[in-house]
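Enquirer:
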Amino acid sequence: MASDLQLLGPVHVVSLNYTQYSSRYDRFLAGDISPAFNPRLGGGALLDLNVYNIHLAVSLFGAPLDVHYFPNLQKGVDTSGVLVLAYDDKQASLTAAIGLPGLCPQPACHRRPGSSQGLHALRKKQKKQNRKIKN
1 MASDLQLLGP VHVVSLNYTQ YSSRYDRFLA GDISPAFNPR LGGGALLDLN VYNIHLAVSL
61 FGAPLDVHYF PNLQKGVDTS GVLVLAYDDK QASLTAAIGL PGLCPQPACH RRPGSSQGLH
121 ALRKKQKKQN RKIKN
């Protein structure tokens, strides 16, 4: 997938989001702290959900130059937060929340006029590859 980035043209801003309403969230609010909400056991939005966003960002762009995390804390655990990854030529905003309904957004690519076909080019390439696999 990282090799396909050139089809998008220069990437300057990245926004990744992973939110879901945990089945244990209501119990957490009532005081029952399960492992999913215990930061010492790998719980919380950063360690439970945002790791997937981190994996994608680092797989595509490599290790960032600087990292900042802005958590929203409830009862000592980050139930949501924004992780900002700084690169030489781009910023990545990675959001995760374990107490909000999940979002199912379509991928978006905002580009300047005259740049590559963006996600349209990636979709065309994927369709071609899928046809090859089916035959």
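According to the UniProt record's numbering, the residues represented by the sequence shown are 1 to 135, in order.
From the three backbone atoms N, C-alpha and C, an ideal C-beta is built for every residue, glycine too.
For the structure I just gave you, are there three or more beta carbon pairs, one from the region 76–88 and one from the region 28–46, closer than 8 Å?
Expert: yes
Enquirer: Quick one: grab the DSSP three-state call for ALA96.
Expert: strand
Enquirer: Could you compute how far the alpha carbon of LEU41 sits from the alpha carbon of ALA86?
Expert: 28 Å
Enquirer: Excluding the 5 residues flanking GLN91 on each side, which residues of the same chain have their C-beta closer than 8 Å to its C-beta?
Expert: HIS12, VAL13, VAL14, VAL84, LEU85
Enquirer: At what residue ranges does the region 34–88 contain a whole run of the alpha helix (DSSP H), taking only runs of 4 or more?
Expert: Runs found: 51–61.
Enquirer: Using alpha carbons as the reference points, say which of LEU7, ASP4, PRO71, HIS55 lies closest to ALA45.
Expert: PRO71
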